[in-house]
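So the structure is just underneath, and the comments pick up after that.
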Amino acid sequence: MSGVIKKDESGVYQRVVLKNAAPYHYVNVCLVLEDESTKLSAVEFKQFITSGLKSLYGEVGAALAFDVLKYNEDKRTALLRVNSRGLVKLWSSLTLLGSYQNQACAFRVLQVSPYLLALTGNSRELQLD
Amino acid sequence: MAVFMDLNLSSSSSVRSLIESAAQLGFSTVAINYVFEPSKKKQEIPTPTPITELMDQLPVVQGRSRPIRVLNRLTVVMSDSSHFRPNAAEYRSFDLLAVQPTTEKLFHAACLLYDVDIICILVTEKLPFFFKRAPVSGAVDRGVVFEVSYSAAIRDSTMRRYTIANAVCLMESCKGRNVILSSAAEKALELRGPYDVTNLGLLFGLSDKDSKEAVSSTCRSVLLHAETRKTASGIIYTMKSCSDSCDQQEAPPQSEHCEAPAAKKHKTAPADS
């Protein structure tokens, strides 16, 4: 983390500015398939995302490091961790993925955050009265 | 902040599921697109299905607790200059009017002359012409916007190449101003969320700010432009009053005189003198 620390003359207060230094971004995604009964294991899930990266960005894109931190096989939701620099690449390849084994599919990106803690709740799922 | 809009949903059989899916993804306004190709024989200008007939109750937009707004839009695919008839009465039943020019001459005319809201950029084939700076900046000055649709890029990898190439080519001459991104989706699974589309805009050569505006505030200015198209200088607006109870009150005459807004005739005359 690169932080710019500026010390006040009096030496009492200290201002710390972090210039977007988060090394990773966390993405919460859900895979929607045309045929809801299709089962996908975590390995197949990651393989599918890698194939999407490869089709859009080639071998260099396929080498992009990302991790599947958590995968829910029933709902097909996953928590991905990716280098902040690779976020745009990963996200755009998820957007442009349109078919899985000759059936239509879509990735719904639910949440994106530089902090994992922010993904514990989703304000859009709150029931407002 | 302006709300998110998707101004192109195909008017296919699954339009109900498209509208529901768009509301779920967070789009506050969508437009159903009717395509009119005069080059094909025996084709008539389609008439839009009223929204009330389409759905009884419009779905609530996610996170907004108000129903989605649905508009109708007509796209005229032009391969000849006679295909677009200005002031045609059939065009008036649509909220938005778009053209898709296929030759450079028509593109030039669409940018500088035609009274339309949206110019569609071809995304399914390689562009047959270059975007010249003069017509593009003329269109930007007039408030006409360019539309890039992304669902072809999802369907096919060759189309994806053309979409990106044509979009990048457009951004070089318009510098990201007056561009909207829309889906042109036929199925609900071809729709993407507004933030996904914003991120996709980065791939097309838009900046962060322009990319977000392409799904929000530029779309809003299209709607306002479409409203002023029906008015005289954006001030006076005539409409047919359809109240059966009061017969005395005369409805505004639906003559040709009324079709052309007064402002269009006196464009050269100064407004204040």
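Residue numbers (full-length UniProt numbering), protein chains in the order written: chain L, 1 to 129; chain B, 1 to 273.
Quick reminder that beta carbons are idealized off the backbone N, C-alpha and C, glycines included.
Do you know whose CA, among the options, lies nearest residue i's CA?
| i | options | result |
| --- | --- | --- |
| L:Y24 | L:S123, L:N122, L:L56, L:V112 | L:V112 |
| L:L87 | L:A22, L:A118, L:V17 | L:A22 |
| B:V30 | B:E37, B:S14, B:N8 | B:N8 |
| B:K209 | B:I180, B:H225, B:K105, B:M159 | B:I180 |
| B:T198 | L:G98, L:S92, L:F107 | L:S92 |
| B:V15 | B:C219, B:R64, B:S65, B:L71 | B:L71 |
| B:N178 | B:E147, B:K187, B:E190, B:G205 | B:E147 |
| B:D156 | L:A118, L:G98, L:Q103 | L:G98 |
| residue 277 of chain B | B:Y150, B:L223, B:V145 | Absent from the model: residue 277 of chain B. The displayed extent of chain B is 1 to 273, so no value can be given. |
| L:L79 | L:E59, L:S55, L:R85, L:A118 | L:A118 |
| L:K70 | L:K46, L:V32, L:S51 | L:K46 |
| L:V32 | B:L223, B:A188, B:G205 | B:A188 |
| B:H108 | B:A134, B:L96, B:N87 | B:A134 |
| B:A139 | B:Y150, B:E37, B:I154, B:C120 | B:C120 |
| B:V76 | B:R142, B:D141, B:N33, B:I19 | B:N33 |
| B:E37 | B:S82, B:S17, B:D56 | B:S82 |
| B:D141 | B:L113, B:P67, B:P50, B:A153 | B:L113 |
| B:K105 | B:S93, B:F131, B:D95, B:A88 | B:F131 |
Run through DSSP, which three-state label would residue i get?
| i | result |
| --- | --- |
| B:Q57 | coil |
| B:D115 | coil |
| B:R161 | helix |
| L:E44 | helix |
| B:L127 | coil |
| L:R15 | strand |
| B:P194 | helix |
| B:R64 | coil |
| B:Y91 | helix |
| B:R69 | strand |
| B:F107 | helix |
| B:N8 | strand |
| L:R108 | strand |
| B:I236 | strand |
| B:V99 | strand |
| B:V215 | coil |
| B:S13 | coil |
| L:S113 | strand |
| L:V88 | helix |
| B:L202 | helix |
| B:L74 | strand |
| B:S221 | helix |
| L:S123 | helix |
| L:S99 | strand |
I'd like to know whether the C-beta of residue i is nearer than 9 Å to at least one C-beta of chain L.
| i | result |
| --- | --- |
| B:A153 | yes |
| B:N199 | yes |
| B:Q248 | Low per-residue confidence applies at B:Q248: pLDDT is 44, beneath 50, and the placement is therefore not dependable, though the value from the model is reported in the following sentence. No, no contact with chain L. |
| B:G26 | yes |
| B:D196 | yes |
| B:A251 | Bear in mind that a pLDDT of 44 at B:A251, under 50, signals an unreliable position, so the number given afterwards is only what the model happens to contain. Not closer than 9 Å to any Cβ of chain L, the Cβ of B:A251 fails to qualify, so no. |
| B:S12 | no |
| B:R177 | no |
| B:R66 | no |
| B:L122 | no |
| B:G63 | yes |
| B:K105 | no |
| B:S245 | Any reading at B:S245 must be qualified, since the residue scores a pLDDT of 45, below 50, and its modelled position is unreliable; no value is offered. |
| B:L191 | yes |
| B:L202 | yes |
Kindly indicate if chain B contains any beta-carbon less than 9 Å away from that of residue i.
| i | result |
| --- | --- |
| L:A106 | yes |
| L:E59 | no |
| L:S51 | no |
| L:L96 | yes |
| L:R124 | yes |
| L:E36 | no |
| L:S55 | yes |
| L:S92 | yes |
| L:V82 | no |
| L:V112 | yes |
| L:V16 | no |
What do you reckon, is the C-beta of residue i under 8 Å from a heavy atom of the ligand HEM?
| i | result |
| --- | --- |
| L:P23 | The ligand HEM is not part of the structure shown, which contains no ligands of any sort. |
Stretch pair the region 17 to 37 of chain B + the region 61 to 81 of chain L: three plus CB contacts closer than 8 Å: no
Any contact of the region 122 to 138 of chain B with the region 159 to 176 of chain B, i.e. 3+ C-beta pairs under 8 Å? yes
Going residue by residue through the region 141 to 190 of chain B, where are the continuous alpha helix (DSSP H) segments of at least 4 residues, counting only ones entirely within it? 151 to 155, 157 to 174
List, from N- to C-terminal side, the beta strand (DSSP E) runs of 3 residues or more that fit wholly inside the region 22 to 83 of chain L. 24 to 33, 66 to 72, 77 to 83
What residues from the region 155 to 175 of chain B come within 7 Å of chain A, judged by C-beta to C-beta, listed N to C? The structure shown contains no chain A; its protein chains are L and B.
Is the number of C-beta pairs between the region 59 to 66 of chain B and the region 221 to 235 of chain B that are closer than 8 Å three or more? no
Sequence ranges, beta strand (DSSP E) only - wholly within the region 22 to 47 of chain B, length at least 3: 29 to 36
Mind the definition here: the region 85 to 103 of chain B touches the region 206 to 220 of chain B only if three or more C-beta pairs lie below 8 Å; say whether that holds. no
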